[in-house]
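J.:
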Amino acid sequence: MITRLNHSSNPFRNRKLPYLLAAFLLVFASIGAVYSFARYQSLSDQNISGRKTTAELESQIAELKTNGEKVKKSLSPQQKQLMVEGHKLVATKEFGWSRLLFDLERVLPSDVSASRISVDNVFKDGNTIAADLEFAVLSRNYSSVVNMIQRMNNSGIFRAALRSQDLQEGDRANFSEYTLALTYRPGASYSANPSFDVASAGDEGGAGDE
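Yeah, the sequence shown ends on 209 if you go by numbering that gives the first Met the number 0, and it's all consecutive.
#1: Near residue 166, which residues of its chain fall below 6 Å by C-beta distance, leaving aside the five closest residues on each side in sequence?
#2: If we count the other Cβ atoms within 10 Å of its Cβ and call it buried at 16 or more, is residue 44 buried or exposed?
#3: How is residue 184 classed by DSSP in three states: helix, strand or coil?
#4: Just to confirm before moving on: does the CB-CB distance between residue 154 and residue 111 stay below 8 Å?
#5: Looking only at DSSP bridge pairs, what is residue 61 linked to?
#6: Would you report the Cα separation of residue 150 and residue 158, rounded to the nearest angstrom?
#7: Taking residue 125 as the reference, which of 59, 185 and 28 has the closest Cα?
#8: Looking at residue 134 and residue 181, is the spacing between their C-beta atoms short of 8 Å?
#9: Here's a check: name, in chain order, each residue in its chain whose Cβ is nearer than 7 Å to the Cβ of residue 152, leaving out the five neighbours to either side.
#10: For the beta strand (DSSP E) that residue 120 lies in, which residues bound it at each end?
#11: Can you tell me whether DSSP reads residue 174 as helix, strand or coil?
#12: Take residue 116 as the anchor and find which of 76, 178, 41 and 139 has the nearest alpha-carbon.
#13: Compare the C-alpha of residue 131 against each of 105, 23, 140 and 156 and name the closest.
#14: If you count every other CB in all the chains shown that lies within 10 Å of the CB of residue 183, and 16 or more means buried, which is it?
#15: Starting from residue 101, trace the alpha helix (DSSP H) in both directions and tell me its first and last residue.
#16: Can you name the start and end residues of the beta strand (DSSP E) that residue 138 belongs to?
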């Protein structure tokens with residue numbers, strides 16, 4: 000005789016399953032919470048350590064600056080001049096002279112030739128070694144020199160200004176020597192026109208022919 004039937008209004012149920020699911024979810028949530036807290040604590044510790052290290056470095060930098068100022072004040076004028084000359088010497092050794100000549104060649108027109116270069120100062124500009132120069136060129140054509148100066152200033156590595164013009168009289172032709180105040184900062188992007196050969200200026204009837 001069947002004493003128990005599965006009526007649709009009263010089906011058989013597994014009463015333990017909901018509790019097992021709830022327990023599993025609780026354990027999973029607890030593990031996630033513990034991991035999140037541990038991660039947060041680790042990041043917090045790293046942040047505190049980073050702030051402490053930064054504060055220590057800033058303190059050391061401030062102390063070094065203070066000591067440096069004290070040393071500068073204690074130097075005699077002769078010692079200060081020697082220190083400046085020493086810095087210039089180091090910068091000069093690091094300066095790329097071959098790169099300077101190459102970049103000058105790229106901006107010189109065919110009817111303009113270089114006559115002399117003298118160095119006024121070599122200094123550090125950020126991570127770059129820069130130089131203040133006196134640069135003289137020879138040309139019969141003033142407009143070519145003006146165009147050369149414009150190309151220099153558009154190049155991103157030169158800053159040029161005309162300082163003087165000196166007329167030179169030769170047996171075959173008259174030409175002028177133009178002296179420029181030139182600042183050179185290598186490493187910047189180049190935007191001038193294609194290169195010109197300085198050596199060929201004389202062969203093409205440049206200013207250097209006499």
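The beta carbon of each residue, even a glycine, is placed where N, CA and C say it ideally should be.
T.: So, from the listed chains and residues:
#1: To locate residue 166, count along the sequence shown from 1; it is residue 167. If we look at residue 166 and ignore the five residues flanking it on each side, its Cβ neighbours are 175.
#2: Sequence index remark: in the sequence shown, residue 44 carries index 45 (1-based). Flag for residue 44 reads exposed.
#3: Taking the sequence shown and counting its residues from 1, the one referred to as residue 184 is at position 185. Three-state DSSP puts residue 184 in coil, outside helix and strand.
#4: Position 155 of the sequence shown, counting from 1, holds the residue named residue 154. Position 112 of the sequence shown, counting from 1, holds the residue named residue 111. For residue 154 and residue 111, no; Cβs fall outside 8 Å.
#5: Residue numbering aside, residue 61 sits at position 62 when the sequence shown is read from its first letter. Per DSSP, none; premise fails for residue 61.
#6: Your numbering for residue 150 matches position 151 in the sequence shown. Your numbering for residue 158 matches position 159 in the sequence shown. C-alpha separation (whole angstroms): 10 Å.
#7: Indexing the sequence shown from 1 puts residue 125 at position 126. Measuring from the Cα of residue 125, the nearest candidate turns out to be 185.
#8: Residue numbering aside, residue 181 sits at position 182 when the sequence shown is read from its first letter. Residue numbering aside, residue 134 sits at position 135 when the sequence shown is read from its first letter. Yes, they are a contact pair.
#9: If you number the sequence shown from 1, residue 152 lands on position 153. So the qualifying residues of the chain are 158 and 159.
#10: Mapped onto the sequence shown, residue 120 falls at position 121. Its beta strand (DSSP E) spans residues 112–124.
#11: Locating residue 174 in the sequence shown gives position 175, where the first residue counts as 1. Note: residue 174 maps to strand in three-state DSSP.
#12: Taking the first residue of the sequence shown as 1, we reach residue 116 at position 117. For the residues 76, 178, 41 and 139, the minimum Cα distance to residue 116 belongs to 178.
#13: Indexing the sequence shown from 1 puts residue 131 at position 132. The shortest C-alpha separation from residue 131 is found at 156.
#14: Looking up residue 183 in the sequence shown gives position 184. By the neighbour-count rule (16 or more Cβ atoms within 10 Å), residue 183 is buried.
#15: Here residue 101 corresponds to residue number 102 of the sequence shown, with the count starting at 1. Run containing residue 101: 96–106, per the alpha helix (DSSP H) assignment.
#16: Here residue 138 corresponds to residue number 139 of the sequence shown, with the count starting at 1. First-last of the beta strand (DSSP E) with residue 138: 127–138.
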